[in-house]
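Read top to bottom, the protein sequences are chains A and B. Position 90 of the first sequence, counting from 1, maps to 90 under this note's numbering, and the rest follow consecutively. For this note's numbering, add 231 to where a residue sits in the second sequence, where the first one is 1. Positions of the beta carbon are idealized from the N, C-alpha and C atoms, including for glycine. Values in this document were obtained by computation on a predicted structure and should not be read as measured data. Notes to accompany the following structure.
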Amino acid sequence: MKNNNSLSVLTNGILKENPVLVLVLGTCPTLATTTTVSGAIGMGLAALVVLLCSNIFISLLRKIIPETMRIPCYIVIIAGFVTVVKMLVQAFFPGLYEVLGVYLDLITVNCIILGRAEMFANKNTVVVSALDGIGMGLGFTLALGAMATVREVFGAASFAGIAIPLLEEYKIEFLTKAPGGLLVYGLLIALVYALTKGCAPVKKSFSCSGCANASTCRMGECANREKEGNN
Amino acid sequence: MNNLTKVMAAPHIHSGRYTAGIMRDVLISLLPATVAGVIIFGMRALLVIAVCLVCSIGFEAVFNLITKKSQTVSDLSAAVTGLLLALNLPANIPVWQCVVGSLFAIVVVKCLFGGIGNNLVNPAITARVFMLVAFGSLTTAAFPVDAVAGATPLAAEQMPSLMTLFLGNYGGSIGETCTAALFLGGIYLLARRVITWHIPTVFIGTVFVFSYITEGFDLVSALGFTMAGGLFIGAIFMATDYVTSPFTAWGKVIFGIGAGFLTCMIRYFGIYPEGVSFAILFMNILNPYINRLTRHKIFASGGTSL
């Protein structure tokens with residue numbers, strides 16, 4: 001791997017390879033939990049913990065897990081950590097547990113976690129994978145936080161449950177609903193695209209063999225065209 | 232260098248028409264409806280129109296400045312968007328909502344997609360739909376100054392008389408009520424060849440035929456159904472937007488039929504009393520496909536075009 005610089009692994013996830021806003025993974029929890037800032041941050045941190053633990057474990061076991069059976073193995077590992085996190089949240093943060101509801105369980109099938117296992121943890125050492133987990137988790141949390149801030153401040157005239165008196169008259173409730181969420185999501189993606197000048201990496205390191213669409217996908221073609229364009 | 236020796240690619244003859252000229256014609260054609268709206272709904276309507284115009288032009292100028300693009304305010308397209316948006320809003324709408332709507336129309340729908348000519352959907356109609364969904368305030372339309380009518384007649388129990396509907400002295404958005412003024416503007420656009428007859432005629436015709444059948448072949452209520460609400464302003468001024476409507480005559484006919492059918496479907500079976508803006512927005516999205524289906528065959532290109 002070219003990512004020997006561990007600091008860049010850590011910071012990649014925050015903006016340049018932000019899992020939500022650049023790689024466009026984990027869209028479902030992003031839309032569902034960003035109506036309030038506290039729910040979004042809670043979701044982000046819960047996913048961060050699971051991502052960190054699963055990345056470490058999958059990286060440790062990467063030589064043992066057989067190639068053909070790797071997806072079920074990843075899911076078992078991830079589901080185990082999700083159960084732990086869920087029980088901890090239920091015990092210590094019952095309010096957050098109520099807010100997140102089923103989305104806490106759904107971290108198991110969160111594309112970011114499975115995606116990082118597939119793209120990163122199964123070919124990198126434990127320390128680098130842990131850093132990647134932290135970076136990606138922080139990126140997820142920050143993206144959710146930013147989106148929830150926009151939606152809660154302008155949609156419900158409050159921030160993390162604290163009402164903002166001046167905006168009370170001018171709230172756009174639409175933003176707290178699903179279509180408004182998609183709108184804010186699109187605008188944030190556009191903003192990040194503008195900030196990174198569209199130089200987000202095309203993910204070619206994702207192994208094609210396990211993909212159900214591999215026979216119809218023309219990823220190689222795209223990659224070639226990309227290369228020609230760059231030259 | 233001598234102009235005669237310049238080498239240029241075809242076409243060599245310019246029609247003499249520029250975007251700004253066409254947009255100026257659209258603005259002129261909207262003048263009767265604007266005046267009628269101000270007379271019917273009073274000075275508050277003028278305020279809404281002014282806010283939308285100033286904000287639309289301002290946002291476009293600021294966006295072009297920030298993103299360092301060439302200034303496109305002088306082509307008047309932002310002014311047309313602003314005026315159309317204002318005419319589609321009720322006169323009693325809060326001013327800050329007008330500002331948000333203009334921001335959405337210009338920045339989100341138009342500029343972020345690449346400015347004039349690159350927008351997927353009509354900015355004014357999309358902003359109207361956005362405001363309808365976001366604020367819900369458009370469903371409770373304004374009262375005319377000297378009448379007691381309430382919301383849009385499509386939601387009312389009793390339809391106003393045909394004469395009232397024609398002159399526009401009833402509740403609704405600023406520019407949509409006075410059918411006579413809209414008709415006048417449409418004639419001007421046709422005479423100046425800014426638009427062709429296809430979309431407005433087919434659109435309005437489809438709605439008329441559909442409601443004539445549904446209303447039990449009652450001519451008066453079918454006419455009332457056609458003239459009430461935003462059908463005329465939508466069919467004449469919004470559905471004919473160059474960027475978001477088909478190029479070919481058959482494409483325009485398909486566009487008109489689709490929009491008319493969807494309008495009736497939403498009016499009769501939907502939860503909103505008015506469906507023109509949704510119908511146009513939907514057909515805007517289908518526009519690339521209509522264009523592809525109705526593309527002219529290149530002469531002698533053989534049977535396998537497309």
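Item to check | residue 514/B classed as buried or exposed, judged by whether at least 16 other C-beta atoms fall within 10 angstroms | outcome: buried
Checklist entry - What are the residues that DSSP puts in a beta bridge with residue 163/A? => result 158/A
Next on the checklist: Is the separation between the beta-carbon of residue 329/B and that of residue 318/B shorter than 8 Å?
Outcome noted: no
Checklist entry - So, helix, strand or coil for residue 22/A, using DSSP? => result coil
Checklist entry - In chain A, which residues lie with their C-beta within 7 Å of the C-beta of residue 343/B? => result 190
Next on the checklist: Given a cut-off of 8 Å on the beta-carbon distance, is the pair residue 171/A and residue 159/A in contact?
Outcome noted: no
Checklist entry - residue 114/A to residue 75/A, Cα distance in whole Å? => result 8 Å
Checklist entry - Mind pulling the chain A residues with CB within less than 7 Å of residue 365/B? => result 172, 174
Checklist entry - Hey, is residue 179/A's beta-carbon within less than 8 Å of any beta-carbon in chain B? => result yes
Item to check | the stretch 53-73 of chain A contacting the stretch 124-142 of chain A, beta-carbon criterion three pairs below 8 Å | outcome: yes
Checklist entry - What residue does the alpha helix (DSSP H) around residue 123/A start on, and which one ends it? => result Premise fails: residue 123/A is in no alpha helix (DSSP H) and is neither H nor E.
Checklist entry - Anyone know if the C-beta pair for residue 507/B and residue 454/B falls short of 8 Å? => result no
Item to check | Selection from 175/A, 152/A, 173/A that minimises the alpha carbon distance to residue 164/A | outcome: 152/A
Checklist entry - Buried or exposed: which applies to residue 298/B, given that a residue is buried once 16 or more other Cβ atoms fall within 10 Å of its Cβ? => result exposed
Checklist entry - What did DSSP end up calling residue 327/B once you bin it into helix, strand or coil? => result helix
Item to check | Run of the alpha helix (DSSP H) containing residue 259/B, from where it starts to where it stops | outcome: 250-272
Item to check | Pick from 248/B, 420/B, 439/B, 393/B that is closest to residue 408/B, judged by C-alpha positions | outcome: 393/B
Checklist entry - How long is the line joining the alpha carbons of residue 70/A and residue 182/A, rounded to whole angstroms? => result 33 Å
Checklist entry - Where do the N-terminal and C-terminal ends of the alpha helix (DSSP H) with residue 429/B fall, by residue? => result 429-445
Next on the checklist: For a cutoff of 8 Å on Cβ pairs, would you count residue 304/B as touching chain A?
Outcome noted: no
Item to check | Cβ neighbour criterion (16 or more within 10 Å) applied to residue 7/A | outcome: exposed
Next on the checklist: Does chain A have any CB closer than 8 Å to the CB of residue 331/B?
Outcome noted: yes
Item to check | Neighbourhood of residue 92/A by C-beta, 8 Å cutoff - its chain only, sequence neighbours within 5 removed | outcome: none
Item to check | Closest residue to residue 286/B among 360/B, 334/B, 239/B (Cα-Cα distance) | outcome: 334/B
Next on the checklist: Quick check: what's the CA-CA separation for residue 474/B versus residue 252/B?
Outcome noted: 16 Å
Item to check | Spatial neighbours of residue 511/B in its chain, beta-carbon cut-off 8 Å, leaving aside the 5 residues before and after | outcome: 353, 356, 465, 469, 470, 490
Next on the checklist: Closer than 7 Å to a non-hydrogen atom of the ligand FMN - does that hold for the CB of residue 271/B?
Outcome noted: Because no ligand of any kind appears in the structure shown, any question about the ligand FMN cannot be addressed here.
Checklist entry - Near residue 304/B, which residues of its chain fall below 6 Å by C-beta distance, leaving aside the five closest residues on each side in sequence? => result 288, 291, 292
Checklist entry - Does the beta carbon of residue 428/B sit closer than 8 Å to a beta carbon anywhere in chain A? => result no
Item to check | Selection from 9/A, 11/A, 17/A that minimises the alpha carbon distance to residue 197/A | outcome: 17/A
Checklist entry - Quick one: is residue 481/B near chain A, going by C-beta distance under 8 Å? => result no
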